[in-house]
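Numbering (the working numbering), first residue to last: 260 to 666. Backbone N, C-alpha and C define an ideal beta-carbon position, used for all residues, glycine too. Computed from a prediction, not measured in an experiment: that's the story for all the values here. Here's the structure, in structure tokens; my notes come after.
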Amino acid sequence: MKRTCREKEQQDALITARSMIGDRWKIRWRSAGEARNEAVNCVVPTAVARIIASINTNSVSQTTEKQPLTVSYLINSCGLSLEQAISASKVINIKCTDRPDLLLKLLSTHGFTKAHIASLISKHPPLILAHPEKTIRPKIEYFESLGITGTDLPMILSSNKYILLCSLKEHIIPSVNFLRGVVHTNENLIFALKQYYAFQVNIKNVMEPNVSTLRAHGVPEKHVANLLMMHPRSLKLRADLFKEVVCAIKEMGFDPMRSSFVLAVRSMSVISKVTWEKKKEVLRSFGWSENDFLLAFRLQPRLMICSEKKIRNVLVFLTTEAGLMPSDVSRGPYLFLMSVEKRMSPRCAVLQVLMSKGLVSKDIDLVRNLNYGKNYFEKKFLTPFMEEVPAVIEAYQGKMGFQGFSD
């Protein structure tokens with residue numbers, strides 16, 4: 260078959276474009292001067308640019324042409340972007356809009372905005388094909404019977420892409436009953452349901468055994484409830500591994516009766532053993548002993564949730580620039596949760612200015628003063644000296660870099 264003039268023109272232009280794009284890459288291997296000269300002349304003609312653009316457009320057009328109703332419906336009725344709609348059309352095919360229309364009407368009636376609907380459908384496209392009355396309405400009504408209404412209902416149901424399609428009898432009701440048995444009050448239950456992981460954990464095989472492990476070690480119900488509500492991810496760990504974590508935390512000297520116990524469990528359960536050891540190695544590289552680590556971790560279990568980079572940055576500042584000893588830092592592990600740039604460095608700069616004027620002792624407890632609340636620190640170190648030493652304001656605002664305390 261003979262090619263038309265238009266087809267031949269497009270083919271020739273495409274060959275030219277490929278050739279010229281190839282030349283662009285070759286420029287990278289030549290001298291800077293040659294590259295600049297050739298780059299000036301290496302401009303794709305308008306006709307060629309149109310061909311290249313049409314190739315990309317055609318790829319999208321081919322996708323939408325296969326399922327024009329699906330893509331257009333997802334965009335116009337569900338609020339998905341073109342990219343999301345094309346991606347969803349690869350898994351679903353809307354042949355008739357009657358059922359999807361009824362589903363959207365049902366969701367809208369119960370407070371779902373277009374943003375909620377777009378979030379749900381983009382995460383789990385098959386939902387748009389679900390039966391409104393048999394599959395979706397019973398679940399909505401069940402959650403409403405729990406006292407979940409208003410904006411809470413769509414927020415909870417749209418936060419988890421599977422919740423509206425999983426079994427009400429086999430999964431949702433048992434999960435809710437288990438959660439209620441741990442958190443007790445309806446207010447706490449609603450709070451727990453809002454958490455992203457609430458319906459992503461295998462209740463029977465994972466969460467129930469893990470909660471039982473905590474109870475077996477004497478952890479008070481209120482602390483178990485707080486862990487589930489505030490840090491549900493920590494209860495996703497495989498049951499046998501979770502037992503190991505709980506035993507390890509107990510061996511470190513944590514008291515199961517105190518809230519710090521579940522915080523320590525949370526810290527160890529959400530990171531791998533390899534990552535845990537890497538963070539400890541960073542601490543050891545700055546002179547920390549095992550006793551230093553245990554003291555710090557017992558005082559502030561969230562220490563080990565900090566990234567390796569954050570731990571290193573704090574240690575560099577406190578030991579190298581501020582001149583503290585490892586034992587000094589280990590008794591103030593809450594400093595690892597603070598910003599070096601926004602809090603510690605400006606405060607040290609203020610103290611350095613005051614020390615240089617003899618207004619503050621050089622033997623000041625730096626760890627304690629870095630931990631003071633904002634208002635207390637300002638009342639103690641800024642307000643009394645602002646007129647006499649205006650430089651403390653600039654130091655506190657971070658305009659004076661802290662270079663270490665002079666001898």
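Query: Span of the alpha helix (DSSP H) around residue 488; Result: 480–489
Query: Distance between residue 451 and residue 443 (C-alpha atoms, nearest Å); Result: 11 Å
Query: Beta-carbon separation (whole angstroms), residue 479 vs residue 527, contact threshold 8 Å; Result: Contact flag wrong, Cβ pair sits at about 19 Å.
Query: Extent of the continuous alpha helix (DSSP H) run through residue 655; Result: 650–655
Query: Alpha helix (DSSP H) runs contained entirely in the region 560–623, provided each spans 4 or more residues; Result: 567–574, 585–589 and 604–615
Query: Beta-carbon gap between residue 513 and residue 557 smaller than 9 Å; Result: yes
Query: Cβ neighbours of residue 622 in the same chain (closer than 8 Å, five flanking residues each side left out); Result: none
Query: Reduced DSSP category for residue 658 - H, G, I as helix; E, B as strand; rest coil; Result: coil
Query: Residue range of the alpha helix (DSSP H) that includes residue 542; Result: 532–544
Query: Same chain only: Cβ atoms within 7 Å of residue 654, ignoring 5 sequence neighbours per side; Result: 605, 608, 609 and 612
Query: Reduced DSSP category for residue 647 - H, G, I as helix; E, B as strand; rest coil; Result: coil
Query: Alpha-carbon spacing of residue 353 relative to residue 383, whole angstroms; Result: 14 Å
Query: Inter-residue CB distance, residue 630 and residue 594 (contact presumed, cutoff 8 Å); Result: 7 Å
Query: Option nearest residue 335 by Cα separation, candidates 362, 346 and 373; Result: 373
Query: Endpoints, alpha helix (DSSP H) assigned at residue 505; Result: 498–510
Query: Of the listed residues 329, 369 and 584, nearest to residue 359 (C-alpha basis); Result: 329
Query: Residue 352 - DSSP class collapsed to helix/strand/coil; Result: coil
Query: N- and C-terminal bounds of the alpha helix (DSSP H) containing residue 633; Result: 633–640
Query: Segments of 4+ residues assigned as alpha helix (DSSP H) that fall wholly inside the region 359–400; Result: 373–382
Query: Meets three-Cβ-pair contact criterion under 8 Å: the region 456–470 and the region 483–503; Result: yes
Query: Range covered by the alpha helix (DSSP H) that runs through residue 339; Result: Neither: residue 339 is in no alpha helix (DSSP H) and is coded neither H nor E.
Query: Assigned secondary structure, residue 440 (DSSP; H/G/I helix, E/B strand, else coil); Result: helix
Query: Cut-off 6 Å between Cβ atoms - residues of its own chain near residue 650, not counting five sequence neighbours on either side; Result: 612
Query: Span separating the alpha-carbon of residue 395 from that of residue 461; Result: 22 Å
Query: Residue 375 burial status per 10 Å Cβ neighbour count (16 or more: buried); Result: buried
Query: Status (buried if at least 16 other CB within 10 Å, exposed otherwise) for residue 656; Result: exposed
Query: The region 378–392 / the region 425–439 touching (three or more Cβ pairs under 8 Å); Result: no
Query: Buried/exposed call for residue 357, threshold 16 Cβ in 10 Å; Result: exposed
Query: Spatial neighbours of residue 366 in its chain, beta-carbon cut-off 7 Å, leaving aside the 5 residues before and after; Result: 376
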